[in-house]
Structure formats: structure tokens, C-alpha cells
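So this is what it looks like as C-alpha cells:
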């Protein structure tokens, strides 16, 4: 809690910071004040605060009537704490756990009390008796349950609403009072009905009989994380605080778990919920070296963190860095490596999000170096050394998992003019607190007030959560009272709450997988030969590609094609019942389809409406899709002729090149659907066929993009590429590939495709059983690849990048995050790679930021390949139109939104 204080209290509040620095429990008394001085700010009236700071004893405070109960409470705790903790003597750990009991005006928690007993019982019986006497007498109550009825006495409606929100989200009386003063715009005068209610009595009147007590407040986003705890203490604390708001505070969790190296997964998960990693940082006035970094990930790049870093540096200049579990004495950091200390303060506040660890811990070698040079060894505790301190604070020295300080000791290399090539419309969010900001990829039907973002109504994941999901989304959350591994799927309703929840079968997360004599825990990923595998509740799930080992015979190498079952690489396509085109009947059979479950020919070249599957009063509209679930997978929709909702905007393009606000409007106009999304005029009217990465032939490049498939090469599909790098030359050798969109780009080739693309690629293992359950919960509606991509692209925050993908022929989900400009700049290529790294990390760490969304919650693990620029040399310009990667998207009907299409 104390470390977060600089984020909210600027350095100009000198009185506050003087009090904080000098009057924590256990600090020696000084002649100019007394140990209760830090409590004076809790006094409400100015006169009370003034006299409090002038007196030598708490008994001398005479001007403060009952409105100063928070002050008296704090003074009492401070005095008792000084007495109790003094019995710890020279035992530092015992004293620190004792001080945690008295450090705020929150109720002492069970875990805090147990920690004192564990660490102090062998040192001081007097301390234990003193703490026990205090904790037995301390009133256990929640400000929310006590004072919620007072909110109705506020005269202004906005104050009533703010009051309820404050009481439900803040723990201490001081926080609540400060929040009410700010939101209601009035001073706490006893004659004000609102404040009279709060301050007049410690015991509110009993609620009317017809009122029922409010259920315990939940934060199901944080509850997702609790199963990641490695210690039972931290897991139980996490669960208690996530399911029963008001029973505990986060302070004891901060003390015991926040810096515990064995709880890295838990802490990173909670960080994702509280402060998700976002691309880009700018407009900082103190941490200026963090500006102009549009392709780096940060958790907290904002003015508050910038101010917090400046306050941290000033506090540390007093000679002590105060941590929840230790104090680090340092020399004058204004003279000893000041730039390095500033970088440390900014790193801890701005929180760079490394792609692998996602933590914001500085590297151990940097920690040791600055403490060796600037640590005040005369004041080190017995046994303290820079190495031992850093072993606790920064135990990692691998630059893949820690933040090297030299990165932020100098400004960004990018000039402002280049930075504008990548924008971040939702960082910071311009939307109301109950709305979610999303990149506007739909475009607009006119240019008037067309913004690069949209604000959509949202729900919180529980009454006490600030984690938002968009309205109508399906969300997987932990069950409220069931054990770990039990979930329910809910929808975000128009009321702003999760509703219509349905239970899912529980998953036994205690079951491990035994692979090659080794035990793999649930959720872990590993390699078996060339297979990427994941352990899920005791079952080993692996990719099904063929492997060619080093000791393979010459005969095996000769017959190896890199396709499933080593099928020949002939392209004689068949359309299977899941809507996916396979390059041959051999591959389809290998992937489990019976002969009656596929027909010869490509799926998108058939006419699913030819058999007239709809009734006479309905119209058949083709809707090609690839299904992941085992339910029926129709390639059409039967539509009536209802009146169209004017508020629904999901543009579609007809075969005449005209855009309509929705499929309903197109149907009313009597037109035929060409593809979903804005019409790409005029390129797509006369465009030649193209082959997508999924082996489907599309009539136009825009037809491919509307299906969220990127283009492999121009012309009809007539070849299939291997799935393994070690495969011999395939039929792709006859394909003339277009040049990549950016000269010098280290491109990647998707599995089964022929041509490289300047994009980053995720290959995702997924759980078929969960996908089938999601389908059943949706009344047997199929779960499709397009459904997955639609949700996944909401997590790409840069409009210069978009999401494409397909189901590979060996049933791995392939996702491409690619730049949408015709000739992307190196910075835009890098931004798309960073977006891919972010999503890959969220999948592999099972972060609720991503994995709470259905159907993404069926993801098991991901493998990442990124594109990057290897040379700045200028080669031949890409052929416009035949580069075909993504540039034609810029020819939108809405030029002002060229970067926010589809």
C-alpha cells in the first residue's frame, strides 16, 4: 500500500510525506513531534489537524469532537503498535510482521495475526500477548456494510452514485472520506446530512425488514489467478479477497506474497488483471526516456505513474528505500548514480512488460551494481549485503526475464515523426468507465465524426472488479463456491452484469501427465520430437504433424512429405464436413474424416444454397465457415425479412460493389452478398482470383480478407506446402510468389502455404472437448475459426495491425498478426510482432485477460514466430495488387479510416 501512495499523492503535499516518512510504527520518537503525528491527516476539520500536529501527546487533543473518530482510532493503534512491536527487540522479521498489524486503519487479518505468531512465538511472549489483546478488541466491520445507507442522504444524485461506488471499492475510512470529498465536491461538515450520517454514529440503524443483505462482493477476474499460487497461504488469501470483499485487505497479501519469488505466476496474473500490458508510451514529463516508444509494452504509462516515480526518487533521497518486508539504507542518490536511480523509479512505476516474464523486475546485475556503489553499508542490518538484498528483490539476471536498466538510461531512438506511424487509440482510454474502448475496424458509413476507436457497453467480472468485457460477450469465470477447476459460462447483459450463467464440467487440475517417465503438471507445455504438446487434466494433447528424426532411414526420408500421414503433396482438394478444404482425400482421412464426410472440390467453390435448404418465406445466404466443434456446420444462413435495426452496423458489400449497413439491409435491398465488410472500391470488382493460406480459392482479395484469411499467391490454389521445415521440395516449387510487402523483412511461411508473408504467426493448440461444450451451451450453434478470430482481434490495440488465420490441415489454429499498410514501415512490422508476443504470452500464461473469453478459453498453448527487418536496404518495390498481402485494404470507402478497415 505504501509503495502505491506516490501514485496518488504528489510531492507538493510536503506535510503528508513528512508524516509518512517519520511516523510509521516502530519509528523512534523525535522531540518535535510524537508517534501519532502520521495520524493527523485523518482528522477532518482544519482546526483538529492543526492542533493535532502541535501537541506533544494524544491526550492533549481537545478540539476534536466525534467527527474525528478516524484520528482517535489511528492514534490509538499507533501507540499500541509502538508498545507491542518494541518487544521484538533485535528480531527484525518479527518486528516487521508486528508492524503490519498496526500500519493502516484496516481490520487486522487472520493471516497477519498468524504470521506474527509464527515469526515471534520463539522470541517474545510479551509481544504475542500485546498483539492478542489488541486484535481481540479491534472492531471488525466493513465501511460498505456499515455506511451504505448514508449514500441516500446525499442531496445530489451523482454524489449518491459516487458514494456507493466508493464504499464498494475502498477499504479504509481515510480513503472513503477522501473519495467522498473529491466526488461530492463538499467539505465534511457535521450539518451536511451525508456527513452527519457517516460521522454521527458508529452503529447504523437496522435496515428495514424487507431489505436483504447484499451478497459478498466478487472479483472473478482476480479469482482466475488464485489457482496459480504455489503456496497454500497465498492461494487462500487470494481466494478470500476475491470472493468476499471487506473480509481482508490487500496489505497482508502485499507483505507476504507480492515479492515472494515463488509466486511469480500468481503476481503476474494479478498484474494482468489490474494493469494489462499495453503497447506504447508517451507524454511523460519526468520519465522522459520512456516517451516515443510505440512498439514497447508497458503496464502503467500514465501521468500518475510518472508523478509516482518522481515522488519515489524524492523519498529515496532521504536515505532509505522502504519496502513492505525490508528497509534498504542508501547514500544520497542525488549524487550517487542519480540517472540510474531515476531509471529504477520509472521502471517500477511505468512497469515495462517484458514478453517472456511480463514482470517489471530489474536485472540482478544492475541491482547489485547500484547497491554496491550507493548502498549505505554502515546502516545495513547484520548479514545484509548487496548480493543478498538483490537475491530477494531481483533474483533474475537473464535479459529475457528482467528489465536491463541501460534501455531507459537514454531517450528513445525514434523521432516523433516516425512514432506517428503507429497509433494507440485506446491508450489511454477515451471511454466512460462502464464502457470498453476498441479499435474501430468496422469503418464508418460516412466521414463525419469518424473516430479510430469505438466505446462499447461493458460488464465487470464481479461487483468488486474493474476488469471489463464487452456486452453480449460469453465469458468463462470460476464458479463462486466450487473448488478450483470448476467454471461457468456467463453472458454480459445489458444491465452491466454477468447473467445467464451455465455450469461447465469441472476440470481436475491435480492430474498430471507422464511423458517419457517424466511428470508434467496440468497446463504445462513441452516438446515430444517435433510435436508441440500440452498437458490438460492428465491428458497429453499434441500437434499431429509428421516427424523426421535424425536417425531416420533413407527410405523414410524419401517418402517424407511433411504432410499428415506422409500423404503425397498432390493438390486434389476435398471439402470436409467441417467446412475446411483439405489438399487430398488422403489428408482428410488421416485427420479422421470418413469417406461420406467429404466431397471432392474446394468448399468455397460450391453453392450451399443450390439444394434450397431454407423454407419458402426465407432467403438463403451463403456463409462459409470452418467449424471447430463437432456440431453441424452449415455453410449458409436462412433469413427472413424483418425490419432492420438501425443501431446495428456490420457493413457488408454486395456483388455490385455497394456497401450496406448490415446483412439485413442488403437483404431488404434485394442484393446478393459478395463479402463481409466495406466494399474495397474499385480494386475488387475486376480483381483476379487469389489463393489463401488455407488452400481456398477466393474470387477476389477482398473476399479473402473478409474471411480473415491472408493471401498466399495470385491465381487459383493448385499446390500445398509442407508442415515441417525438414520436408523436401514440394509442389510449391512451381509457384511464383509475390515479393514480401516490406524490403528486408524476415518473413515467415504458414504451415501448408507456399509463400512467405511479412507477419508474425501463432500456432495454437486447443481443447476440442471444451469447444464442443461451448457449442452445446449455445444450443448446438457451431464454434468457428471466424468466431475465434473475431474475439482475438479485439486484443490487438494498434490499428496498423490486424488478425488473420485459419485451421491448418493438421488442425492447429494458425493466427497471423500482420501490418495492413500496402508497404509497411519497419516500425509497423515491429508493432505487429509485439502484439503477437503479447498474445502469445497471455495464452501460455493462461492469463484471464485473454482466457476468460469464450471461445479463447479453450486455448492450451501457443508457439510464436515473428517477422522483423534484417536490413534497411531498399529493394524492388512490391507489386501493387499482386503483393496482395494487405495493402488493398487501404482502398476503403472511408479514406479517413484507411488504417481501421474491416
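In UniProt numbering, the protein residues as written are 1 to 902.
Even glycine gets a Cβ: it sits at the ideal position worked out from N, Cα and C.
To which residues of the same chain is residue i closer than 6 Å at the C-beta, ignoring the five residues directly before and after it?
| i | result |
| --- | --- |
| residue 159 | 184 |
| residue 200 | Its pLDDT being 46, under 50, residue 200 is placed unreliably by the model, and nothing is read from it. |
| residue 628 | 771 and 783 |
| residue 93 | 119 |
| residue 812 | 543 and 763 |
| residue 792 | 803 |
| residue 419 | 292 and 294 |
| residue 316 | 333 |
| residue 857 | 476 and 851 |
| residue 525 | 534 and 861 |
For residue i, report the span of its beta strand (DSSP E) as first-last.
| i | result |
| --- | --- |
| residue 712 | 711–714 |
| residue 820 | Note, residue 820: premise wrong, no beta strand (DSSP E); not H, not E. |
| residue 637 | 636–639 |
| residue 692 | 690–692 |
| residue 597 | Premise fails: residue 597 is in no beta strand (DSSP E) and is neither H nor E. |
| residue 457 | 453–460 |
| residue 408 | Premise fails: residue 408 is in no beta strand (DSSP E) and is neither H nor E. |
Which value, in whole angstroms, describes the spacing of the CA atoms of residue i and residue j?
| i | j | result |
| --- | --- | --- |
| residue 474 | residue 773 | 13 Å |
| residue 408 | residue 343 | 6 Å |
| residue 818 | residue 724 | 22 Å |
| residue 679 | residue 452 | 19 Å |
| residue 860 | residue 364 | 32 Å |
| residue 346 | residue 562 | 49 Å |
| residue 340 | residue 547 | 50 Å |
| residue 731 | residue 651 | 38 Å |
| residue 533 | residue 864 | 14 Å |
| residue 718 | residue 463 | 55 Å |
| residue 311 | residue 417 | 31 Å |
| residue 789 | residue 797 | 14 Å |
| residue 737 | residue 749 | 11 Å |
| residue 442 | residue 673 | 17 Å |
| residue 836 | residue 370 | 34 Å |
| residue 161 | residue 694 | 52 Å |
| residue 740 | residue 361 | 38 Å |
Assuming residue i contacts residue j (C-beta within less than 8 Å), just tell me the rounded distance between them.
| i | j | result |
| --- | --- | --- |
| residue 124 | residue 87 | 4 Å |
| residue 849 | residue 457 | Not quite, the Cβ-Cβ distance comes to about 19 Å (not below 8 Å), so this is no contact. |
| residue 814 | residue 722 | Residue 814 to residue 722, Cβ: 14 Å. No contact. |
| residue 459 | residue 498 | 6 Å |
| residue 478 | residue 224 | 6 Å |
| residue 231 | residue 263 | 7 Å |
Less than 8 Å between C-beta atoms, sequence neighbours within five positions excluded: which residues of the same chain meet that for residue i?
| i | result |
| --- | --- |
| residue 716 | 689, 691 and 697 |
| residue 336 | 330, 373 and 374 |
| residue 556 | 548 |
| residue 869 | 742, 744, 745, 746, 826, 829 and 830 |
Run the proximity test for residue i: is its beta-carbon closer than 7 Å to any non-hydrogen atom belonging to the ligand ADP?
| i | result |
| --- | --- |
| residue 456 | The ligand ADP is absent from the structure shown, which contains no ligands of any kind. |
Helix, strand or coil: how does DSSP classify residue i here?
| i | result |
| --- | --- |
| residue 862 | strand |
| residue 119 | helix |
| residue 340 | helix |
| residue 497 | coil |
| residue 70 | Confidence at residue 70 is low in this model, with a pLDDT of 48, below 50, so its placement is unreliable and the value that follows should be read with caution. If DSSP states are grouped into helix, strand and coil, residue 70 belongs with the helices. |
| residue 776 | helix |
| residue 624 | coil |
| residue 761 | strand |
| residue 87 | coil |
| residue 755 | coil |
| residue 491 | strand |
Note down, in chain order, each residue of its chain lying with its Cβ closer than 7 Å to the Cβ of residue i, except the 5 sequence neighbours on either side.
| i | result |
| --- | --- |
| residue 504 | 487, 488, 489 and 773 |
| residue 575 | 581, 598, 599, 601, 602, 603 and 606 |
| residue 528 | 515 and 542 |
| residue 566 | 546, 559 and 560 |
| residue 454 | 438 and 440 |
| residue 675 | 653, 702, 703 and 706 |
| residue 637 | 621 and 623 |
| residue 847 | 269 and 272 |
In the DSSP assignment, find the alpha helix (DSSP H) that holds residue i and state where it starts and stops.
| i | result |
| --- | --- |
| residue 286 | Here residue 286 belongs to no alpha helix (DSSP H), and DSSP marks it neither H nor E. |
| residue 846 | Residue 846 -> no alpha helix (DSSP H), and no H or E assigned at all. |
When you compare the CB of residue i with every CB in chain C, is at least one pair closer than 8 Å?
| i | result |
| --- | --- |
| residue 414 | No chain C is part of this structure, which consists of one protein chain only. |
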